[in-house]
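Engineer:
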Amino acid sequence: MMGFAALNPSYGPRLLSSVIRLALFYAALFAALGVQLPFLPVWLAAKGLDAAMIGLVLAVPMVVRVIVIPLATHAADRYQALRGVITTAAAAALIAYAATALAHGVAAIMIAFALASAFYTPLMPLADAYALRGLGQLGRSYGPVRLWGSAAFIAGSFAAGFLLDVIAAGDLIWVIVAAMAVTAAAASALAPLSAHAGGAPHPLRSARVLLRDRGFIAVVAGAGLIQASHAIYYGFATLEWRAAGLGGGEIAALWALAVMAEIALFAVSSRLPIAPTALLLAGASGAVIRWSAMALDPLPPLLLLLQSLHALSFGATHLAAVGFVARAAPIELGATAQGHLAVALGLVMAGAMGVSGVLYARWGSLAYAAMAFVAFAGGLCAFAAYRMSDVR
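Position one of the sequence shown corresponds to residue 4 (the working numbering), numbered consecutively onward.
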């Protein structure tokens, strides 16, 4: 079987090299996200933007992804150029982030950041499509490679937090630019994929075939709802824990514990004989239990256990969704299918984030109960997918 490298006496070392390069790309990509997500608002504030304008700038990626992800993933499939689109997007994102660093004034910053987001946001679904296709051809599992992205996210966040104490807030953007430079370099080092598994080209079918697949729709809807049930957690957990008297180190440890639980699941996922739809049900169950308990304002010792459930509520849901989509979609629509998944999850999450502030302002920690209902609805979709799908 053809994969990242042709079959020859050096195939084993080349296979290992290809997997390592992919792991390094995931690490670079998520390290950049780990720097940007917590600390871009700090830079925007240092540039003089008020809270309202910062919120508007941060909303740009959510809007941009709806437009650019389908275009990028469709182009990758149409021209059989997954690696080429990834390297081009990563290089263009680096240039656009550098332009953002040099921009002055709200309008210039927003335009430059919109361009950066246009090139950066497709990288996640493109990377997953590339990894699932290439690793599948090599008989390797996705989870043990993807975990390096989660580990690098933690490292990037802690490194940026340390740098925040030693450099001016107005210079933080250059840390993001540096992280994107590493990402672009790692993208250019990715091994080429074979054009077609099995040799003969596949005619590119319409993406509407995905929308006619009831199992695909059910899985995407279920994953979207389960991931969206994290909205209160992502937006207000730190504020609530600070109000409860937890220190910054304790809060950082709780966030890190959640990602470490996710990494542990990714590490063992290749040895779990569980169908994607069953894994999605496990993710929904973990989310319902987690948010139901969070609604009761648990004591810190119980928070440790609840944070460990991130392995199910996020990790299992992510593995189930990308795994199901990779198996269900025609091979020539692999990137397009991952793009549809990314857009759907982004739209549902945007809606959930939009109402989370209202819910939390009115109900406090009881707002987590609403998230438990959202996760339960996702579980119903997952059960429907399990019953109807032939991808088991």
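Ideal placement from N, C-alpha and C gives every residue a C-beta, glycine not left out.
Keep in mind the model is a prediction, meaning the values are calculated, not measured.
With 16 as the cutoff for other CB atoms within 10 Å, does Gly250 come out buried or exposed?
Structural biologist: Gly250 should be labelled exposed.
Engineer: So, using beta-carbon positions, are Ala147 and Ala270 closer together than 8 Å?
Structural biologist: A small correction: the amino acid at residue 147 is Pro; Ala does not occupy that position in the sequence shown. Yes. Within cutoff.
Engineer: Measure the alpha-carbon distance for Thr103 versus Thr124 and round it to whole angstroms.
Structural biologist: 16 Å
Engineer: Are three or more beta carbon pairs between the region 147-162 and the region 259-277 nearer than 8 Å?
Structural biologist: yes
Engineer: Any idea what DSSP makes of Phe386, helix, strand or coil?
Structural biologist: helix
Engineer: In this structure, does DSSP put Phe7 in helix, strand or coil?
Structural biologist: In this predicted model, Phe7 has a pLDDT of only 47, less than 50, meaning its place in the structure is not dependable enough to derive any value.
Engineer: With respect to the alpha helix (DSSP H) encompassing Val51, which residues constitute its N-terminal and C-terminal limits?
Structural biologist: The sequence as given places Gly at residue 51; Val does not occur at that position. Looking at the DSSP string, Gly51 is not in any alpha helix (DSSP H), and its letter there is neither H nor E.
Engineer: Hey, how far is the Cα of Ala355 from the Cα of Gln83?
Structural biologist: Their Cα atoms are separated by approximately 35 Å.
Engineer: Only counting the same chain, and skipping five residues up and downstream in sequence, which positions put a Cβ closer than 8 Å to that of Val346?
Structural biologist: Arg68, Val69, Ile72, Pro73
Engineer: In or out: Arg136 buried (at least 16 other Cβ within 10 Å) or exposed?
Structural biologist: buried
Engineer: I need the boundaries of the alpha helix (DSSP H) containing Phe122, first residue and last residue.
Structural biologist: Counting along the chain, the unbroken alpha helix (DSSP H) around Phe122 starts and ends at 109-123.
Engineer: Would Gly382 and Val291 qualify as a contact pair, given that the criterion is a beta-carbon distance under 8 Å?
Structural biologist: yes
Engineer: Using CA coordinates, which residue listed in Ala387, Leu52, Asp216, Val60 is at the minimum distance from Leu284?
Structural biologist: Ala387
Engineer: Consult DSSP for Asp174 and reduce its assignment to one of helix, strand or coil.
Structural biologist: Three-state result, Asp174: helix.
Engineer: Please classify Gly289: is it buried, with 16 or more other beta-carbons within 10 angstroms of its beta-carbon, or exposed?
Structural biologist: buried
Engineer: Are the region 75-82 and the region 336-344 touching by the rule of at least three beta carbon pairs closer than 8 Å?
Structural biologist: yes
Engineer: Does the region 179-192 touch the region 248-262, meaning 3 or more C-beta pairs lie closer than 8 Å?
Structural biologist: no
Engineer: According to DSSP, is Val169 part of a helix, a strand, or is it coil?
Structural biologist: coil
Engineer: What are the start and end residues of the alpha helix (DSSP H) that includes Leu305?
Structural biologist: 303-311
Engineer: Would Phe42 and Leu167 be called neighbours here (beta carbons separated by less than 8 Å)?
Structural biologist: yes
Engineer: Taking Ala234 as the reference, give the member of Leu350, Val88, Ala55 with the closest Cα.
Structural biologist: Closest option to Ala234, judged by alpha-carbon separation, among Leu350, Val88, Ala55: Leu350.
Engineer: In chain order, which continuous runs of the alpha helix (DSSP H) of length 4 or greater are located wholly inside the region 135-167?
Structural biologist: DSSP runs (the alpha helix (DSSP H)) wholly in the region 135-167: 146-167.
Engineer: Can you tell me whether Gly357 is buried or exposed? The criterion is at least 16 other CB atoms within 10 Å of its CB, across all chains shown.
Structural biologist: exposed
Engineer: Considering only the alpha carbon of each residue, which of Ser144, Ile277, Ala264, Ala162 lies closest to Leu25?
Structural biologist: Ser144
Engineer: Is Val361 buried or exposed, if buried means 16 or more other CB atoms sit within 10 Å of its CB?
Structural biologist: With fewer than 16 other Cβ atoms inside 10 Å of its own Cβ, Val361 counts as exposed.
Engineer: Candidates Leu348, Pro333, Ala353: which alpha carbon is nearest Arg81's?
Structural biologist: Pro333
Engineer: Since Phe219 and Leu36 should fall inside the 8 Å C-beta cutoff, what is the C-beta to C-beta distance between them, to a whole number of angstroms?
Structural biologist: Contact annotation, Phe219 with Leu36: C-beta distance approximately 27 Å; criterion of less than 8 Å not satisfied.
Engineer: Between Leu309 and Ala298, is the Cβ-Cβ spacing less than 8 Å?
Structural biologist: no
Engineer: Enumerate in chain order the residues of its own chain whose CB-to-CB distance from Ala95 is below 7 Å, with the five nearest sequence positions on each side excluded.
Structural biologist: Phe122
Engineer: Give the single residue among Trp244, Tyr236, Ala323, Tyr363 whose Cα lies nearest to the Cα of Pro304.
Structural biologist: Closest by alpha carbon: Trp244.
Engineer: To the nearest angstrom, report how far apart Ala119 and Leu275 are at their CA atoms.
Structural biologist: 38 Å
Engineer: Do you know how far the Cα of Leu27 is from the Cα of Ala93?
Structural biologist: 14 Å
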